[in-house]
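Numbering that gives the first Met the number 0 puts the sequence shown at residues 0 to 353.
First up is the structure itself, then whatever we jot down about it.
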Amino acid sequence: MPIQYSVEENPLTTPYSCRIRFVSRGSAGREDIAADIALSHPNFSRADILTILNAEDEAIMARLLDGEQVTKEGCCTWFPSFTGKLDSPDDPLPPLKDCLHVNVRVSVPFAEDFCQNAQAERVASAEKLPVISSAEDTVLGLRDVLRSDGMLRITGSNLAFDRSDPASRCLIEGTSSGSAVQSRIGTISNSEIILMPDVPAQTAPHNNEYRLSVTTHYTEHGSPRTGIYKHLLRTPLAVQIGSNAGILSSGGATPLVTVSDGTLYVDTVRLRVQAVYNTPDNELRFCLLDMTEGGQKGDEVRAADDGIYTLNGWSDSGVTSLELMVSDYAALLALVRTSYGNRLVDILDLSQGT
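If you want it as structure tokens, here you go:
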């Protein structure tokens, strides 16, 4: 099939010009690649091919960690690089997470072959829609967090709507149940909406997942247009130690993870718990976080199956340990990877209980 593109106005140029933008037909993952190879090479099962693909990633990672450059002839080259500035030659490196990167460079023969065999077609201009780029609780300074006592700042484009128009609205819907048209709106513009959220109740306490959308009329007699935020919002969870409260779950009837036990050295504490998908090991990593992005965190704990995992806090976290019971690891892994872009975080309001 031809490669699709669209032509858009480039607002950064004078005089007027347009830019060409690639339009994706979809996305393919490891499973899709394995299925494609299996069709061309029926002597190999998809499971075998997946094993080889995973092993290739591990081998490339090992070489990179040994300080080597890795080249797959006729395809691409992986190589480490550093960025950053030092005040003197003797200064230590900044933290590696801030200065060390992995780069991939496509080989010239691969790029030439791609261009020689490619075809392109222009797609029709998309209709004007509200586009939600981000949603942030401005009180906590955290993205994709929803609190009835917080302030939600929504940014994007084409967001403005008429409050008096019954067909136009900002809507928050639970993934299990409940919806609420937002009424406590402070400002509305094309690029920003600020409101105090009306958060609808859901069926179970662990159902803390919500969708956000904006619907508006652009012309008096035009049809309503709706833009849906691609990320899910999550509300904080009240967790009493010993109550087996559900966390890190979706809109299902039963939680995927529960807090089975733990010890606090203060009466109550608010912190975050994180589940991250680790690509090289094909497993999840759990840890506790403070309430600031890039702030303090506890040690990561590897998880590869159902079971109990104990997370530790840091010196002034208020938490000695928190015990998580994972009851459906496969569903949790799928949730983290497909719905949350490999990182799922919940805010927990912890209390010791009786």
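We put the beta carbon where it would ideally sit given N, CA and C, even for glycine.
Judged by DSSP in its simplified three-state form, Ser39 adopts helix. Secondary structure at Cys74: coil, using DSSP grouped into helix, strand and coil. The alpha carbon of Val144 has as its nearest neighbour, out of Lys71, Asp315, Leu38 and His230, the alpha carbon of His230.
Sorting Leu92, Gly294, Asp289 and Ala244 by C-alpha distance to the C-alpha of Glu322 places Ala244 at the top.
Secondary structure at Ala274: strand, using DSSP grouped into helix, strand and coil. Taken through DSSP and simplified to helix, strand or coil, Ser132 comes out as strand. By the Cβ neighbour-count rule, Glu120 is exposed, with fewer than 16 other Cβ atoms within 10 Å of its own.
For Asp345, there is no enclosing alpha helix (DSSP H); the enclosing beta strand (DSSP E) has its first and last residue at Arg342 to Ser350. Boundaries for Leu139: no beta strand (DSSP E) harbours it, and the DSSP string shows neither H nor E there. Per DSSP, Val335 lies in no beta strand (DSSP E) segment; the continuous alpha helix (DSSP H) that holds it begins and ends at Tyr328 to Ser338.
Out of Asp298, Leu310 and Val6, the CA that lies nearest to the CA of Ser16 is found in Val6. In this structure Asp345 does not touch Thr267 by the C-beta definition: roughly 16 Å separates them, more than the 8 Å allowed. Annotated as distal: Asp298 and Tyr328, with beta-carbon spacing of 8 Å or more. The Cβ atoms of Leu151 and Asp136 lie closer than 8 Å to each other.
Assignment of Thr82 by DSSP, reduced to helix, strand and coil, places it in the coil class. In the structure shown, the three-state DSSP call for Glu111 is helix. Note on Gln201: 16 or more other CB atoms within 10 angstroms of its CB, so buried under the neighbour-count rule.
In summary, Gln273 is buried, with 16 or more beta-carbon neighbours lying within 10 Å of its beta-carbon over all protein chains present.
Around the beta carbon of Asn207, 16 or more other beta carbons sit within 10 angstroms, so the residue counts as buried.
By DSSP's assignment, Asp31 forms no beta bridge with any residue.
Judged by DSSP secondary structure, Met60 falls within the alpha helix (DSSP H) whose first and last residues are Arg45 to Leu64.
Boundaries of the alpha helix (DSSP H) harbouring Asp97: Leu95 to Cys98, taken from the DSSP string.
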